[in-house]
């Protein structure tokens, strides 16, 4: 039990250390949206709120395109870390190139759409069309910065540069707020100024992140000469499922907007835009969890670490779920005060629809944790069918099907309930997929995930040991030798395996634990796979690369690093990596 608790604790700490930074980026974007809607509703007019709502489908497309590159590159990043770290340079370059080209093409097409009248497909009445066109023209300026900025944010997160990304996010928020005041209040640019303020803030965000790379601080370098064009197809192939729900949400928005206008009217669009603008401040919590588990799943699958995959899922569905439920309860209780931010007449239908939006839509979030967590797992594990079916149902089929049935009778409440039912049915799809693989109802998290056999080894071919004190180090050697003996592993490798792990664990406990006053643990894994013995030791202490000390030793030198020299002398290969702030040392015998 103690071993399991220690491993879980290490990953749980990492999960909640990474989560605030991932959530912050999304929250900053959401706060910008709230600020924009407040300026739109209070200083420009209700038609400006409609323009924001009508631009929603295009926004979904932009984020879907960005998530495709982010999720695809993260899966490849995890693989390359475990197999060939040098390939990450070419992955970094090709990700920026293809995402930049797509963003420029999108900006061009939207601009052409405005001047050719193609935006009439979104709305065909005046003054709504002119206001929407002006808003789009303001937004297109920042689309390249939006997509490229998210790619840099992703790579910097994987390099454990959270403070830098947080600084960029805060600067982005401040810039947007200042520009809204200048462009709307001072310059009276209307919805064009509203979109332009967002664009300027996105460019400032991108440039703030780019400084890190321009100063040469990153391990990864941009080089067109070494661009990994062969990775482009793999990025899209691996990343499309992570963004599929966002892509199809674009079509869902078109259909839902049509149903709202037909059965409710423009007040429905305005109420939905108002409630969504505030909820967008809280949706970053489950979406931030999705971003964190995507990184953890990518690395765990790359390392073929079945236990970590299960532990990450447990953390998401227990501690993560409790956090989401607590946030939802607060939103429901604050429904009326939140509505008063936008509309002030309780007798107005738009007021009632907005209140109900705040009371019902938050109930989608707990159900979304299941699908948002399962999609990146299926993506990393290459479970292609469920990775495709689930986001399509979640993104469009479920909501649209229930909306067609419920909106004509329940108006806006029908749409809100349709979203809740969609989340429930997505959970049912996950259960059905698990039943089909296991041939029975899943009895635990591991059976729910139905981890492919090709990933890692079963519990009979591995041993996991956690160490939190020097006294426990002494027992490491005995446990590993017993494991090897029970599986018929030769005495030479049995002895060297136990010796390597005892030496390295002892070094970490004696030196790493004393570097600060934080709670630390060392997790040891010994795996027998085919004819190889693979030893992995992972800790959450300060960065420590043993190869640096080994390479600095002179031939025949004896000193404080003799243990490290011993390990390097008997191992076939020793690899060190710092993954998301964790030291990971892999030894092959």
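In the numbering used here, the protein residues as written are 60 to 648.
A virtual CB, placed ideally from N, CA and C, is assigned to each residue, including glycine.
Alpha-carbon to alpha-carbon, residue 321 and residue 182: Stepping through the chain shown from its first residue, residue 182 is reached at position 123. Stepping through the chain shown from its first residue, residue 321 is reached at position 262. Looking at the two C-alpha atoms, the distance is approximately 13 Å.
Closest Cα partner of residue 229 within the set 127, 91, 117: Walking along the chain shown from the start, residue 229 turns up at place 170. Comparing Cα positions, the closest option is 91.
Whole-angstrom distance between residue 433 and residue 595, CA atom to CA atom: Taking the first residue of the chain shown as position 1, residue 595 is located at position 536. Taking the first residue of the chain shown as position 1, residue 433 is located at position 374. In a straight line, the C-alpha of residue 595 is about 26 Å away from that of residue 433.
Residue(s) in a DSSP beta bridge with residue 592: Here residue 592 refers to the residue found at position 533 of the chain shown. Answer is 587, bridged to residue 592.
Contacts around residue 83, its chain only, beta-carbon distance under 7 Å, and the 5 residues preceding and following it disregarded: To locate residue 83, count along the chain shown from 1; it is residue 24. 225, 228.
Three-state secondary structure (DSSP) of residue 535: To locate residue 535, count along the chain shown from 1; it is residue 476. Residue 535: helix per DSSP, three-state reduction.
Residues that DSSP places opposite residue 633 in a beta bridge: Indexing the chain shown from 1 puts residue 633 at position 574. Looking at the DSSP assignment, residue 633 forms a beta bridge with 646.
CA-to-CA distance, residue 125 to residue 131, given in whole angstroms: Locating residue 131 in the chain shown gives position 72, where the first residue counts as 1. Locating residue 125 in the chain shown gives position 66, where the first residue counts as 1. Those two C-alpha atoms are separated by around 10 Å.
Contained alpha helix (DSSP H) runs [length at least 4] in the segment 61–136, N- to C-terminal order: 61–98
Beta-bridge pairing of residue 581 - partner residues as DSSP gives them: Residue 581 sits at position 522 when you count from the first residue of the chain shown. Note: residue 581 sits in a beta bridge opposite 526, 598.
Segments assigned alpha helix (DSSP H), at least 4 residues, entirely inside the segment 200–251: 202–217, 221–239
Host alpha helix (DSSP H) of residue 497 (start-end): Taking the first residue of the chain shown as position 1, residue 497 is located at position 438. 471–497 is the extent of the alpha helix (DSSP H) around residue 497.
Endpoints, the alpha helix (DSSP H) within which residue 178 is located: The residue labelled residue 178 in the question sits at position 119 within the chain shown. Segment: none, residue 178 is in no alpha helix (DSSP H) and carries neither H nor E.
Beta bridge counterpart(s) of residue 641 as assigned by DSSP: Indexing the chain shown from 1 puts residue 641 at position 582. In DSSP, residue 641 forms a bridge with 638.
Same chain, Cβ closer than 6 Å to residue 112, five either side skipped, listed in chain order: Here the question's residue 112 lines up with position 53 in the chain shown. Answer for residue 112: 328, 332, listed in chain order.
For residue 521, three-class secondary structure by DSSP: For the purposes of this step, residue 521 is taken as residue 462 along the chain shown, with counting starting at 1. Looking at residue 521 - three-state DSSP - the assignment turns out to be strand.
Residue nearest to residue 413 in terms of C-alpha spacing, selected from 313, 390, 443: For the purposes of this step, residue 413 is taken as residue 354 along the chain shown, with counting starting at 1. Nearest option by C-alpha distance: 390.
Euclidean distance between Cα positions of residue 121 and residue 295: Within the chain shown, residue 121 is the residue found at index 62, counting from 1. Within the chain shown, residue 295 is the residue found at index 236, counting from 1. Computed Cα separation, rounded: 15 Å.
Cβ-Cβ distance between residue 435 and residue 353 below 8 Å: Locating residue 435 in the chain shown gives position 376, counting from the first residue. Locating residue 353 in the chain shown gives position 294, counting from the first residue. Yes, the pair counts as a contact, with Cβ atoms nearer than the cut-off.
Alpha-carbon to alpha-carbon, residue 639 and residue 137: Against the chain shown, residue 137 aligns to sequence position 78. Against the chain shown, residue 639 aligns to sequence position 580. Distance between the alpha carbons of residue 137 and residue 639: 11 Å.
Close Cβ partners of residue 533 (< 6 Å) along its chain, the five nearest in sequence each way excluded: As a first step, residue 533 is located in the chain shown; it is residue number 474 there, counting from the start. There are no such residues.
Neighbourhood of residue 232 by C-beta distance below 7 Å, restricted to the same chain and skipping five residues each side: Here residue 232 corresponds to residue number 173 of the chain shown, with the count starting at 1. 87, 90, 91.
Residue 267 burial status per 10 Å Cβ neighbour count (16 or more: buried): Position 208 of the chain shown, counted from the start, is the residue given in the question as residue 267. Residue 267 should be labelled buried.
Among 365, 239, 323, 629, the one whose alpha carbon lies nearest that of residue 518: Here residue 518 is taken as the residue at index 459 of the chain shown, counted from 1. Of the listed residues, the one whose Cα sits closest to residue 518 is 365.
Stretch-stretch touch, CB-based, cutoff 8 Å, three pairs: the segment 364–379 with the segment 408–424: no
Residue 350, enclosing alpha helix (DSSP H) - first and last residue: Walking along the chain shown from the start, residue 350 turns up at place 291. Run containing residue 350: 343–361, per the alpha helix (DSSP H) assignment.
Length of the line joining the Cα atoms of residue 145 and residue 446: Numbered from 1 along the chain shown, position 86 holds the residue referred to as residue 145. Numbered from 1 along the chain shown, position 387 holds the residue referred to as residue 446. Taking the straight line from one Cα to the other gives about 29 Å.
Span separating the alpha-carbon of residue 165 from that of residue 438: Along the chain shown, one-based indexing puts residue 165 at 106. Along the chain shown, one-based indexing puts residue 438 at 379. Rounded to whole angstroms, residue 165 to residue 438 spans 26 Å at the Cα level.
Backbone secondary structure at residue 293 - three-state DSSP: For the purposes of this step, residue 293 is taken as the residue at position 234 of the chain shown. The answer is helix: DSSP assigns residue 293 an H, G or I state.
Limits of the unbroken alpha helix (DSSP H) element including residue 426: Within the chain shown, numbered from 1, the residue matching residue 426 stands at position 367. Unbroken alpha helix (DSSP H) run through residue 426: 423–439.
Cα-Cα separation between residue 553 and residue 212, rounded to whole angstroms: On the chain shown, residue 553 is found 494 positions in, with the first residue counted as 1. On the chain shown, residue 212 is found 153 positions in, with the first residue counted as 1. Taking the straight line from one Cα to the other gives about 44 Å.
Rounded straight-line distance, which links the Cα of residue 558 to that of residue 508: Translated into the one-based positions of the chain shown, residue 508 becomes position 449. Translated into the one-based positions of the chain shown, residue 558 becomes position 499. For residue 508 and residue 558, the distance between alpha carbons rounds to 35 Å.
Residue 61 burial status per 10 Å Cβ neighbour count (16 or more: buried): Mapped onto the chain shown, residue 61 falls at position 2. Below a pLDDT of 50, predicted positions are generally treated as unreliable, and residue 61, at 43, falls in that range; the measurement from the model is reported next regardless. Exposed.
Proximity to residue 79 [Cα-Cα], best of 459, 188, 222: Residue 79 sits at position 20 when you count from the first residue of the chain shown. For residue 79, the nearest C-alpha among the options comes from 222.
Residue from 501, 287, 194 whose Cα sits closest to the Cα of residue 148: For this step, residue 148 is matched to residue 89 along the chain shown. Closest by alpha carbon: 287.
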